[in-house]
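Data first, discussion second: the structure below is written as structure tokens.
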Amino acid sequence: MVTDTTRRSLLKAALGCAAVPVFPFGCTSLSNVVSSSNEPQLIGCALNGRGQYSAVVADEYGMPLSQLPIPDRGHGVAICPTQSHAVVFARRPGDYFMVFDYKKGEQIKMVVKGRNRHFYGHGIYSLDGKLLYATEGKTDSSQGVIGVYDVTQGYRKVEEFTGFGIGPHEVIIMPDGNLAIGVGGVHTDGRTPKNLDSMQPSLSYVSPEGVLLEQVELLDKKLSIRHLAHDGAETVLCGQQYRGEPDEYPSLLAMHTKGGRFESLNAEPEQWARFNHYIASIAASDDWIIATSPRGNCYGIWSKDTKELVELSALSDASGAVLLDGEFRLSSGAGSVVSQRKPYEKSIQQSSIQWDNHWSAI
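Below you can see the structure in the form of structure tokens.
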């Protein structure tokens, strides 16, 4: 339930949401100087210290162009395909999402959670940019909900989809317009899990009208499906959080195509141990799959063809991962920005931002 205190704090933050320009300093890679376009290319959340948080618009190298304050810690960002709108979602169990214009650096609307609802930190626009889909939950049961918001009506909530499980986390839009939902299967009180012995995670495909088209499960029910990406075609990539025994290290990544079975990505147990039971962001090119782990302070690159791990590298508080113009960009809570097209060929710049959680590419 939204209290008066919550509403007041969100309104106060909303009134203060003017863009703060950031002047990027010269960014130097390991071997050369890069030239920025100074155009918005990436958006993510950041920690500003002392309980302050922001949404950051950056250039193609992760150098900040502007920041907007947000009322509480953010998580994922959705970017509209038809206009310069972006939405930052509060970290679960979230109270808000904020819509802003990433070119003007202006807030458009603050949307507060409904009664017995919370946000799970992710959302996505429809392909035509007319609807916004947000992962939500019923607070008393964690029953999964996709909230549907009409962009043309000022982000008014017009519908809810349910019936696909509890604890959804990330939702993505497929090239055919259907939704893919990573259903974690975990009932929580705040952030405390309550049903680890009976959790039922799944990958669910849902039509734009809310019809459950297909639902598939991993064999290991302790693998909570959290984060998703697709390869630009029909294959969904799933990143998991392992909720089982602390000294067991199963595969944390899987691939799935509708109508088929899950295929796990491979690494040695000691390599999976580096990821500390958690995958955050995933991105894929034609040949490679990349995944980050802030808890493991590392990222890995897998061959899409062989499904084998080919690079495992350290990156402090490894956070966002996106594909931008055929090249991976990775963010770090320590401010590092990695640019990498294929294994072991990378450049690293240092930004002034303490990046938090995910990136989205414009």
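Going by my numbering, the letters in the sequence shown line up with residues 388 to 749, in that order. The C-beta atom is built at its ideal place from N, Cα and C for all residues, glycine as well.
Mapping the DSSP letters down to three states, classify residue i as helix, strand or coil.
i: residue 532; result: strand
i: residue 540; result: helix
i: residue 616; result: strand
i: residue 555; result: strand
i: residue 657; result: helix
i: residue 734; result: strand
i: residue 740; result: coil
i: residue 608; result: coil
i: residue 419; result: Unreliable positioning characterises residue 419 in this predicted model, as indicated by a pLDDT of 37, which lies under 50. A coordinate reading is not provided.
i: residue 703; result: coil
i: residue 546; result: strand
i: residue 721; result: coil
i: residue 680; result: strand
List the whole-angstrom C-beta distance separating residue i from residue j, where the pair is believed to meet the contact cut-off of C-beta under 8 Å.
i: residue 571; j: residue 612; result: 6 Å
i: residue 510; j: residue 463; result: 7 Å
i: residue 486; j: residue 432; result: Actually they do not touch by this definition, with Cβ atoms about 15 Å apart.
i: residue 617; j: residue 557; result: That belief does not hold up - the Cβ atoms of residue 617 and residue 557 are roughly 11 Å apart, past 8 Å.
i: residue 588; j: residue 610; result: 6 Å
i: residue 706; j: residue 742; result: 5 Å
i: residue 516; j: residue 468; result: 5 Å
i: residue 520; j: residue 535; result: 6 Å
i: residue 471; j: residue 447; result: Going by Cβ atoms, the distance from residue 471 to residue 447 rounds to 16 Å, so no, they are not a contact pair.
i: residue 478; j: residue 461; result: 6 Å
i: residue 658; j: residue 624; result: Actually they do not touch by this definition, with Cβ atoms about 18 Å apart.
i: residue 680; j: residue 666; result: 6 Å
i: residue 747; j: residue 709; result: 7 Å
Under the DSSP definition of a beta bridge, which residues are partnered with residue i?
i: residue 649; result: According to DSSP, residue 649 bridges with nothing at all.
i: residue 716; result: 709 and 726
i: residue 525; result: 504
i: residue 690; result: 675
i: residue 643; result: 623
i: residue 665; result: 628
i: residue 592; result: 567 and 601
i: residue 510; result: 521
i: residue 747; result: 430
i: residue 696; result: 689
Shorter than 8 Å from the beta carbon of residue i to some beta carbon of chain B?
i: residue 745; result: You won't find chain B in this structure, because it holds only one protein chain.
Exercise. At what residue ranges does the region 429 to 493 contain a whole run of the alpha helix (DSSP H), taking only runs of 4 or more?
Worked result: Those alpha helix (DSSP H) runs which fall completely within the region 429 to 493 and span 4+ residues do not exist here.
Exercise. Does the region 547 to 556 come close enough to the region 586 to 606 that 3 or more CB-CB pairs lie under 8 Å?
Worked result: Verdict: yes, contact present.
Problem set entry | Stretch-stretch touch, CB-based, cutoff 8 Å, three pairs: the region 628 to 641 with the region 720 to 733 | Contact fails: fewer than three Cβ-Cβ distances are below 8 Å.
For this session: Please list the segments of the beta strand (DSSP E) lying wholly inside the region 558 to 585, counting only runs of 3 or more residues, in order along the chain.
Result: For the beta strand (DSSP E) assignment, the uninterrupted runs of no fewer than 3 residues enclosed by the region 558 to 585 are, from N- to C-terminal side, 566 to 570.
Problem set entry | the region 704 to 724 touching the region 666 to 686, judged by at least three CB pairs closer than 8 Å | yes
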